[in-house]
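A short worksheet on the structure shown next.
6 protein chains.
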Amino acid sequence: MKTIQGPAIFFAQFIDSKAPFNSLEGLCEWAAKLGYKGVQIPTNVDFMIDLDQAAQSQDYCDELKGKVASYGLEITELSTHIQGQLVATHPAHDIMFDVFAPEHLKGNEPARREWAIDQVKKAAIASRRLGLKAHATFSGSLLWPMVHPWPQQPKGLIEEGFQELAKRWIPILDVFKDQGVACCYEVHPVEDIHDGVTFERFLEATGGHEAVSILYDPSHFVLQQLDYLSYIDHYHEFIKAFHVKDSEFNPTGKKGTFGGYGDWRDRAGRYRSPGDGQVDFKGIFTKLTEYGYDGWAVLEWECCIKSPEQGAREELIIGIDPYL
Amino acid sequence: MKTIQGPAIFFAQFIDSKAPFNSLEGLCEWAAKLGYKGVQIPTNVDFMIDLDQAAQSQDYCDELKGKVASYGLEITELSTHIQGQLVATHPAHDIMFDVFAPEHLKGNEPARREWAIDQVKKAAIASRRLGLKAHATFSGSLLWPMVHPWPQQPKGLIEEGFQELAKRWIPILDVFKDQGVACCYEVHPVEDIHDGVTFERFLEATGGHEAVSILYDPSHFVLQQLDYLSYIDHYHEFIKAFHVKDSEFNPTGKKGTFGGYGDWRDRAGRYRSPGDGQVDFKGIFTKLTEYGYDGWAVLEWECCIKSPEQGAREELIIGIDPYL
Amino acid sequence: MKTIQGPAIFFAQFIDSKAPFNSLEGLCEWAAKLGYKGVQIPTNVDFMIDLDQAAQSQDYCDELKGKVASYGLEITELSTHIQGQLVATHPAHDIMFDVFAPEHLKGNEPARREWAIDQVKKAAIASRRLGLKAHATFSGSLLWPMVHPWPQQPKGLIEEGFQELAKRWIPILDVFKDQGVACCYEVHPVEDIHDGVTFERFLEATGGHEAVSILYDPSHFVLQQLDYLSYIDHYHEFIKAFHVKDSEFNPTGKKGTFGGYGDWRDRAGRYRSPGDGQVDFKGIFTKLTEYGYDGWAVLEWECCIKSPEQGAREELIIGIDPYL
Amino acid sequence: MKTIQGPAIFFAQFIDSKAPFNSLEGLCEWAAKLGYKGVQIPTNVDFMIDLDQAAQSQDYCDELKGKVASYGLEITELSTHIQGQLVATHPAHDIMFDVFAPEHLKGNEPARREWAIDQVKKAAIASRRLGLKAHATFSGSLLWPMVHPWPQQPKGLIEEGFQELAKRWIPILDVFKDQGVACCYEVHPVEDIHDGVTFERFLEATGGHEAVSILYDPSHFVLQQLDYLSYIDHYHEFIKAFHVKDSEFNPTGKKGTFGGYGDWRDRAGRYRSPGDGQVDFKGIFTKLTEYGYDGWAVLEWECCIKSPEQGAREELIIGIDPYL
Amino acid sequence: MKTIQGPAIFFAQFIDSKAPFNSLEGLCEWAAKLGYKGVQIPTNVDFMIDLDQAAQSQDYCDELKGKVASYGLEITELSTHIQGQLVATHPAHDIMFDVFAPEHLKGNEPARREWAIDQVKKAAIASRRLGLKAHATFSGSLLWPMVHPWPQQPKGLIEEGFQELAKRWIPILDVFKDQGVACCYEVHPVEDIHDGVTFERFLEATGGHEAVSILYDPSHFVLQQLDYLSYIDHYHEFIKAFHVKDSEFNPTGKKGTFGGYGDWRDRAGRYRSPGDGQVDFKGIFTKLTEYGYDGWAVLEWECCIKSPEQGAREELIIGIDPYL
Amino acid sequence: MKTIQGPAIFFAQFIDSKAPFNSLEGLCEWAAKLGYKGVQIPTNVDFMIDLDQAAQSQDYCDELKGKVASYGLEITELSTHIQGQLVATHPAHDIMFDVFAPEHLKGNEPARREWAIDQVKKAAIASRRLGLKAHATFSGSLLWPMVHPWPQQPKGLIEEGFQELAKRWIPILDVFKDQGVACCYEVHPVEDIHDGVTFERFLEATGGHEAVSILYDPSHFVLQQLDYLSYIDHYHEFIKAFHVKDSEFNPTGKKGTFGGYGDWRDRAGRYRSPGDGQVDFKGIFTKLTEYGYDGWAVLEWECCIKSPEQGAREELIIGIDPYL
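Residue numbers (this note's numbering), protein chains in the order written: chain A, 1 to 324; chain B, 325 to 648; chain C, 649 to 972; chain D, 973 to 1296; chain E, 1297 to 1620; chain F, 1621 to 1944.
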């Protein structure tokens, strides 16, 4: 029987200006000591990976892979969440997203978008060079301000939005297909792909492009009360990556899903360390295993109560081990 | 002991081009036959009320009141939901809201806003002339696209938004205060006042303006899983108007609160005829009565399954009668 | 198949100084108009019944029965709740219970108790003369201040208490047995018989006296979160009388079962009009019918929200009719 | 961010006539080996502390502190639960509470009370000498037999009771205030302060005395079905001490909250070893941390199934560690 | 929008030797008075219909239809539940099923089966002659004793069973297809088609025969804890007939789904009058309407507590009316 | 206080043709290393035990016991599940059960039955020789195909079935009684003793035979939604053996309890490794301990997701240790 690989860890939330969190080597050593077997690598941080080189040079990739392997670790996937997001942004969010752009592209959405598209394509090639089967990214969002059907939307607006989104992504997806790498969209609030219905809308708009895949992260489904176990029943064939991230939803008489424009800590729905939230990881590991998922289980950590180090340490104990 | 008044009905969703739904007289006759005692009147439909006249002329108001009374009915509140919405709109929604503007103001948000502000002020004066204590409206929205905290928002953005919203509303609220009429904001998705936290934000931004009140409608809270009974515990002193509207929330493995950009009928959260949804009206009537609410219980009808006529007829039986 | 008789109504909470609630005739006429078929009669109110006469004179009883019958009603049971309570009182409550004693016995618990015992015995005889099979009363309470096991109680204290309680009741129970009338203790907070365990303790202390029976009232079980449906499974053979009374329990972060010494209206557990509380009457009627209960279903009304008249009227519609 | 201190252990339930449980040294050694960092010390046991000396002599206190420190432990709080209880007792409980009085005061409630008041005052001073910020006690109870509103109470009785309770405590509270020590009442059944409502009643009766604080113990709230998580939302500013104690409530068709006068083991609500009951400690640790609680988490152990040693050992593993 | 037709009533459980329940005319008059609009007619009772004639003679059918119409009623469907059952029986049940066979076929399963097949075919033709679109029947059962996978079954046994079942039904289904009538299998315990999985097995075994349809009856799903609302999501396109029948499932510490070989009344799962059980009819009517079901809602009554007459009367009020 | 013994392990599901699972010695060594203290031994596998010898020879038994003891293990119980099953089989299952019979008895149910009866008797004697107090077996089944009351059963059929079952078992039970060994029937689907009601039926049919006991295994109760905690309340005096086995029940819109003739993995109800299913083992250990159960807790492992080795290892950690 196929089994899930793990435990692995996504480095994004641990990167810091202080050692050992300010170098790939430092992070790898730290993760290996904690017992992790795999690492998911963000591509928008200089000291992690140089995407331009990685896309061109097999030597560079072999060296990178070897460096990670020297700590007894494997790369699980590269991540272009940030760049994927910039492939499609609604004007209402444009200024806020500029923080993720290279200095010379800030304030220039068309150029920023072009750069982002190029980055994601390069990540596809680099993934293949690194021997990876899956890649982690965001779809971006053209429609989020229309998430509630008031004011009434012009007929066809949603369909148009997904047509445009598909149009931007299809050339990228073609690269993924050529490289034999699954393009896994993390299904996430604010992204146009934020649930099952929107994944289907996008898949259809791309004509059922075979590179279209899912990064499954149950924490985002708790925040919208979507049945994350049934989600696996519906979409298991598309799930090629998996974030072990926990969250909780505790509505009160003052706030519900929409959250009252609060900070994370003040919200009814918020992220927690694995094991402290409401996600039934046993149920998820059971279902993924039943459907033959043999990709990685990658801890993504975000918690408003605990420190990241405690989260990383505990997650190893609580979240993953029993099923591997 | 004070008791809730009712049953009443909000005419907005019943207005139609066909008799008896195309005249105030027709609607009143129909409602009275169904057994209603009060009617909530939208002010953006010509044949219902002329706000300009109503604000100026006591005779006009007396005549209007008499006409309604001739059917054995009372006016419960006027409504400026539409105009209130136009007091504050985010650019992402501007074009879509133009449908509510007079022809000559379409495409001109500043002028449209000025007109809207004037309308709501006039409704305050008209309400006083009609002997009403409460008025129903929307706050409008400057911040809705930021409902989820991604992308990360510039520090202070939310506070600024509410400052601006308060700045626009304070002159209007002053008119309400002068007229002795409560300005009841229907707490509603997409409006900046959409839960308890945001109501508090707004109240604080207005310096605790004494005209600031709440139109309580539980159906909108079901859609965000907010505890609508506790809501009454927290905010009962501000509740001066009440919509009897039902809704349901049935998340699946494909969709949750965010709804996948679907039509009403396809959403996990959707409005239903009173009695067909998940709202515990007994609990609400009990709490409102305990806190001494003596305003009206006004049916607002919206259902994707039944016809409006059936809804109006049944609601009378199921929803309201037992508590009056 | 045997079926439950009803609907009936307990007059106690409706008695008032104003007509029609200040005479047996007035109350009967009122109840009959509402559609009731039976009435439960409190015996501590002069104009309802004269227990001394009723115990002695068959003529008096026949006349009383005839008077009630003239309204198309039957007497369901007599009630000596008040007198039964005075058979056993803890000193901590003595002064408060004096309100129920005849003037000349106030402040003299031994004499008050003697009077109470005599009253209950007379009610047994009167019941037989009236052709009744069951009688409604309270057990009184010697132990209630020890309801929580802190401070630690001397070993055997509880057993002693029930021995004393049984000693006081056995002579009364003998009269009930002689008259062929079931002595139904309403299982009720503060009474020593307040749940199933305490009923068993009492039954055992009386040596399984065959007159010992239960007046089943689910409202008191909701207040202590006892499973009132299973209660019927355990004790159905003893249930000979039944109060249709509703209640609700809504604990918060400020109060739970103990109630914070609040007034009824402020308590987490409180009585409500039938249909407004949390009692599953369908479940109860089903179980009682399955076990062959053929006594009366008697509305006992107590609600902090509605008026008694509304309660009596609605109960008829909601609570009882479907099962008869 | 402030964090909870721990794990600590309350010695009261472990004291025994056999070593190592019959000396402070023995208990400290045992607790330290189990991994505890703090100990809560009962003051009514001779070999633990001599309150008279401790109130007078800084040397005595320094020595005591040093002795505890020699095991790598800190004193978290002193406890005068027993003496606090004797500050106010209802006559219905007086004889039973005599077991806690010194021999020469038994049967003499006024003298017993005076002694108790003196003891608690001395504990306040001793606490300051030991460098402690909080103290653990009981409020005592004047009103418990009136916990259920039957028989009907004379108007104002409850208010009077709290006035008297405050009158007795204010002189004590003044000492606490002078010493800069929080007087933490363990909110507990039978005590007049047994939920949120009664805490507010007492606080108000003392004129909002600033020494009035709460010892939060969720196990007592499970027994009355009070929402112990919301409790923290309401009263966090008063919570200065915390007992990690677990309990469960399993009502049946025979018994509910009131418990049928049963022994602990036979009750629907009963205490359990931490981790074996129904308390959501994760939720509690999260909320306390969010509100900045930086006092101690002190295990109080009481279980009718397991031995105390097993309880102490497991609690360390299950209950506290994850949040420190 | 298409809407459900109703209310209708299935005559099977009401037939009796006493008037008015011993003739079609009597039953029709009784049903019409109760307010029903349609009647479902069992075909194994002589005085209801003569299937041989009905299959041959259009005159006979016209006359029958006219007779029913004379009471203001329509025939909704014919039923061959009994005959359908006899198309496939496991030897373990053969003797018990003989009660449904004509006298001369008892004890002769092959002949009995042939007769049954012929009857169902005739019902198909008669249905077309009567202008009906749907027919109600049972699939019969070859595999029920193997419902639990112990003892371990020979590999392929289940598949073989469904192959045989399909082989027997395909010739019948061909007749239904020719006549343009849907062959609706009531999904029911003991039948080989007893849930969704088995319906799919059968459908596949028939090669997706287009006459294969479903008679949806939620009461049978409550008995097996199948999610009857999701069932509609999965199989709505096959649902062509609908029984309004209620049931409840109340497991205890003594019995669960399997029922302990008890009588209906003693079982954890048992049928109840509509409105007295646990079926959420509002949810069902909503879903069926959403999916465009425009067939009949037919009361099937079976209850161990109430009389059939009461059930028929109440169902009309409670179960169906609100959605038509 | 009496405590449960453990952890132990049932060897049946671990036996394999590969070492160390193909010899008693190998299995014992493996189990002891995992930390088990006891082993339950199936008697239908040659290399485990020779029942004929064990029944005759004390030496053989002493040697066997010694061999097991040499690994630091105790025998907890012998098992004749397979042979007990063959004491009573319904013809519908006969062929499938032949797999368990010795070669020369296949196809000859009477002889097979005689052999089975003899085996179980010998196991009783062997158990006594081995110093065991309890024995594990199945009741067999004569009635399972009648588990659902359709088709209607001849009056008295169920009673007859249990009479026959008792008739077959009484001679065996007499041997158990003589040997002072409890005959524990594992309450299990398909066995005639499959819940509480059927246990009572059997007990009554044997005239309350004192050897009749229960092997309690909660996993089988989850599959039928029987309240397995209340089960202990009802039948604790009969529980003499206990399987720690877990299971889950997850009905969907396609399948419920009956399971659609699916394989284990595809069923709504299915077995899982201890800790991965829905059984509340804490509740069970608490109740068994409260009722003084001092027999063994024996892991029986069966899981469609994990390997047996992982299950055995984890169960030790999760399931049993905390209560011993």
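Where a beta carbon is used, it is the ideal one built from N, C-alpha and C, also for glycine.
Annotation: the continuous alpha helix (DSSP H) that includes Ile1142(D) extends over Leu1129 to Gln1151.
Per DSSP, Thr286(A) lies in no beta strand (DSSP E) segment; the continuous alpha helix (DSSP H) that holds it begins and ends at Phe281 to Glu290.
For Pro91(A), the three-state secondary structure derived from DSSP is helix. Rounded to whole angstroms, the Cβ separation of Ala166(A) and Phe138(A) is 15 angstroms, and the two are not in contact under 8 angstroms. A distance below 7 angstroms between beta-carbons, with the five flanking residues on each side excluded, links Ile365(B) to the following residues of its chain, in chain order: Phe335, Met372, Ile373, Ile399, Leu402 and Ser403. Counted as a single uninterrupted DSSP element, the beta strand (DSSP E) harbouring Trp1916(F) occupies residues Trp1916 to Leu1919. Interface annotation, Lys803(C): not in contact with chain E, CB-CB separation never under 7 angstroms. Close to Ser554(B), with beta-carbon spacing below 7 angstroms, are these residues of chain A in chain order: Thr252 and Gly253. Taking a contact as a CB-CB distance under 8 angstroms, the pair Phe1717(F) and Pro1485(E) does not count as one, their CB atoms being some 24 angstroms apart.
Contact of Phe929(C) with chain D is not assigned, every C-beta pair being separated by 7 angstroms or more.
Judged by their CB atoms, Gly295(A) and Lys240(A) are nearer to each other than the 7 angstroms cut-off. Contiguous beta strand (DSSP E) elements confined to the region 1669-1702 of chain F occur at 1694-1700, taking only those with 3 or more residues. For Asp1248(D), at least one C-beta of chain F is nearer than 7 angstroms to its own C-beta.
With a cutoff of 7 angstroms on beta-carbon distance, Gln1475(E) and Arg1424(E) are scored as near each other. The residues Ala111, Arg112 and Trp115, in chain order, have a CB closer than 6 angstroms to that of Leu105(A) in the same chain once the five nearest residues on each side in sequence are set aside. Neighbours of Glu1857(F) in chain D, taken as residues at a C-beta separation under 9 angstroms, are lacking, since the least C-beta distance is about 18 angstroms.
Runs of the alpha helix (DSSP H) spanning 4 or more residues and lying entirely within the region 833-899 of chain C occur at 844-853, 867-870 and 876-883, in chain order.
Using beta-carbon distances, Ile953(C) counts as an interface residue toward chain B, with a partner under 7 angstroms. Using a Cβ distance threshold of 7 angstroms, Tyr1891(F) and Ser1839(F) count as a contacting pair. Distance between Leu1271(D) and Tyr1203(D), taken at the CA atoms: about 19 angstroms.
Glu1487(E) places its beta carbon less than 7 angstroms from that of Ser1437(E). Residue pairing for Cys183(A): DSSP places it in a beta bridge opposite His135(A) and Val212(A). Residue-level contact by beta carbon holds for Thr934(C) and chain E, with a gap shorter than 7 angstroms. Residue nearest to Glu1868(F) within the set Leu24(A), Gln224(A), Lys282(A) and Asp233(A) is Lys282(A) (criterion: CA-CA distance).
The beta-carbon of Thr937(C) is placed less than 7 angstroms from the nearest beta-carbon of chain E. The beta carbon of Lys445(B) is closer than 7 angstroms to those of Ile496 and Val499 in its chain, skipping five residues each way along the sequence. Following the DSSP letters along the chain, one finds Ala1746(F) in no beta strand (DSSP E) but inside the alpha helix (DSSP H) bounded by residues Glu1729 to Arg1749.
Residues of the region 1758-1790 of chain F with a Cβ closer than 9 angstroms to any Cβ of chain E, in chain order: Leu1763, Trp1764, Pro1765, Met1766, Val1767, His1768, Pro1769, Trp1770, Pro1771, Gln1772, Gln1773, Pro1774, Leu1777, Ile1778, Gly1781 and Phe1782. The beta carbons of Phe1214(D) and Ala1269(D) sit about 5 angstroms from each other, so the pair counts as a contact at 8 angstroms.
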